[in-house]
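The structure appears right after this line, and notes come after that.
Written out as structure tokens, the structure reads:
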């Protein structure tokens, strides 16, 4: 479905119906509510939006201002937008497409606020698509990219909905207004974990698309001379071009594998939740927040690297790269601004580190924190060995988490409140969280290439790609690995040397690796990245279709340029 939606380009108003609205019903509604709404959503008999973000609040969900006040006399909730900043703002499909929305609002009953909950609200008539009484709707205007997403706004003026329209799988309000708490406050994480997992997948596909375009074009484009008198080589033969593109290609694969992990883990956790086991949800929530932040940020930067690697043509919309960059940039702030997401991961890591210091054995993605070594471990290492590379990333992450946690503890010992100490150390905390997520991606990449069911020849190529990804990370963050002496200068030199060797090793398989993404030309929407390689012919045809070329002499000539030229000639 995601690939099918992307063929239309720039996002469409129904996208969030599939990746947010329908999953919310699946995960937050009771069985009775699913019977009422789920099939309608799945059959697109209704079109929904996920209305959480407001004009004044986004990532800080607890700060949302929209209210849902229960009226026991009518057994209805009253949905209201009490302030301008409470206006729902940005939800995809809300502007002109959706006729229903799951609205996140502060639940009030019996005079007490119980925090944000989801409510099903019909916002448009199913007969003529007019806004329902008390609902004001509209489009928020042009954006940097993805203008087809139909991002809109909504205001509610005391709109009444039945009590049964509160999604009550976990928490509920009885007819008399009694609030029944969910089995665990962590249950609210589930839907966010799913959404952020889709962002990891979106980042992987966006970076895969960009590298496909850039690698294919780099095999078509010929430039300069390597040796005097010889034909111009493909620009992908230059090591500098390989150094730009192959780490992005490797990251695309790494992020695909990370998204697989998230999908599998979410399914597993959901099954456990059905049985009342919430034990794995906090860890997955922390990982999903960090992965969303890390993968979208790396993807946005990586797409721009691909754009510049395509020279001037990469700047043209014909390349497809500006659109990819604009879409990826949106992912960095959608459904959780990246800095805040990384701080959520950091909060979990500090908690886990404290537990490890108290003697608790950690498991899962944070198990390595128990093995942190505050003193340096010297010695030359085999910098092409995946086990060695994974261990290096884990040591780096453990050291940085420990350093951030100890700095924060030191600030509190000086008399600062915990909140002030947190703020004083927030940059260190973010860097520690980034190192943790980077370490996870490396470890998951290494484990996947060792266990995935493929031919051994394919495994060898994927292993080289994993080595390249890991070595590039070490050379780019050499200071982190050298800081406590875990890696030596000789180790870093060896990593750099192995990285150069990996660039040459990956080169013969580069085209096959991007073709393996199986991205159709209709999805790529790129003249430069065409599968048939006929770049220049189609670039010329694309230019001829420019609206400015509909006439030989543009009307602006007669209005402005012609009088201006005549005036100047008359002065001669």
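In full-length UniProt numbering, the protein residues as written are 1 to 572. All C-beta atoms, glycine included, are put in the ideal place defined by N, C-alpha and C.
With a cut-off of 8 Å on Cβ pairs, the region 202 to 217 is in contact with the region 242 to 253, counting three or more such pairs. For residue 161, the enclosing beta strand (DSSP E) starts and ends at 159 to 162. Cβ contact annotation for residue 76 (same chain, cutoff 8 Å, sequence separation greater than five): 70, 160, 161, 162, 163, in chain order.
The three-state reading of DSSP puts residue 89 in strand, counting E and B together.
Residue 363 and residue 45 have their C-alpha atoms some 45 Å from each other. In terms of CA proximity to residue 404, 424 leads the group 424, 465, 447. The beta carbon of residue 538 lies closer than 7 Å to those of 527, 530 in the same chain, with the five residues before and after it left out.
Within the same chain, and ignoring the five residues on either side of residue 80 in sequence, the residues whose Cβ sits closer than 6 Å to its Cβ are 67, 156, 158. Going by DSSP, residue 101 is part of the beta strand (DSSP E) stretching over 100 to 109.
If you look at residue 352, you'll find it isn't in any beta strand (DSSP E); it sits in the alpha helix (DSSP H) that goes 338 to 357. Assignment of residue 534 by DSSP, reduced to helix, strand and coil, places it in the coil class. In the displayed model, residue 332 falls within coil according to three-state DSSP, outside both helix and strand.
Shortest Cα-Cα distance from residue 204 to any of 190, 152, 513, 258 involves 258. Scanning its chain for C-beta atoms nearer than 7 Å, with the 5 sequence neighbours on each side dropped, one finds around residue 535 the residues 217, 220, 527, 528, in chain order. Relative to residue 447, the option among 53, 254, 78, 233 whose CA is nearest is 254.
Between residue 287 and residue 365 the beta-carbon gap is near 6 Å, inside 8 Å, which marks them as a contact.
Secondary structure at residue 226: coil, using DSSP grouped into helix, strand and coil. The DSSP-derived three-state label of residue 310 is coil.
It is roughly 7 Å from the alpha-carbon of residue 388 to the alpha-carbon of residue 382.
DSSP links residue 48 through a beta bridge to 100. By alpha-carbon distance to residue 543, the top candidate from 380, 411, 319, 397 is 319. DSSP places residue 566 in the helix class (H, G or I) of the three-state scheme.
If you look at residue 423, you'll find it in the alpha helix (DSSP H) that goes 418 to 424. In this chain, the beta strand (DSSP E) harbouring residue 114 covers 112 to 122.
By a beta-carbon distance limit of 8 Å, residue 396 contacts residue 481. Their separation comes to about 6 Å. Taken in chain order, the UniProt domain "Acyl-coenzyme A oxidase N-terminal" (7 to 46) contains no complete beta strand (DSSP E) segment of 3 residues or longer. For the region 460 to 505, the full-length alpha helix (DSSP H) segments reaching 4 residues or more read 478 to 482 along the chain.
For residue 79, the uninterrupted beta strand (DSSP E) run begins and ends at 76 to 80, by DSSP.
Between residue 64 and residue 116 the beta-carbon gap is near 5 Å, inside 8 Å, which marks them as a contact. Counting the other Cβ atoms within 10 Å of the Cβ of residue 502 gives 16 or more, which makes it buried.
Looking at 136, 58, 243, the one whose alpha-carbon comes closest to that of residue 104 is 58.
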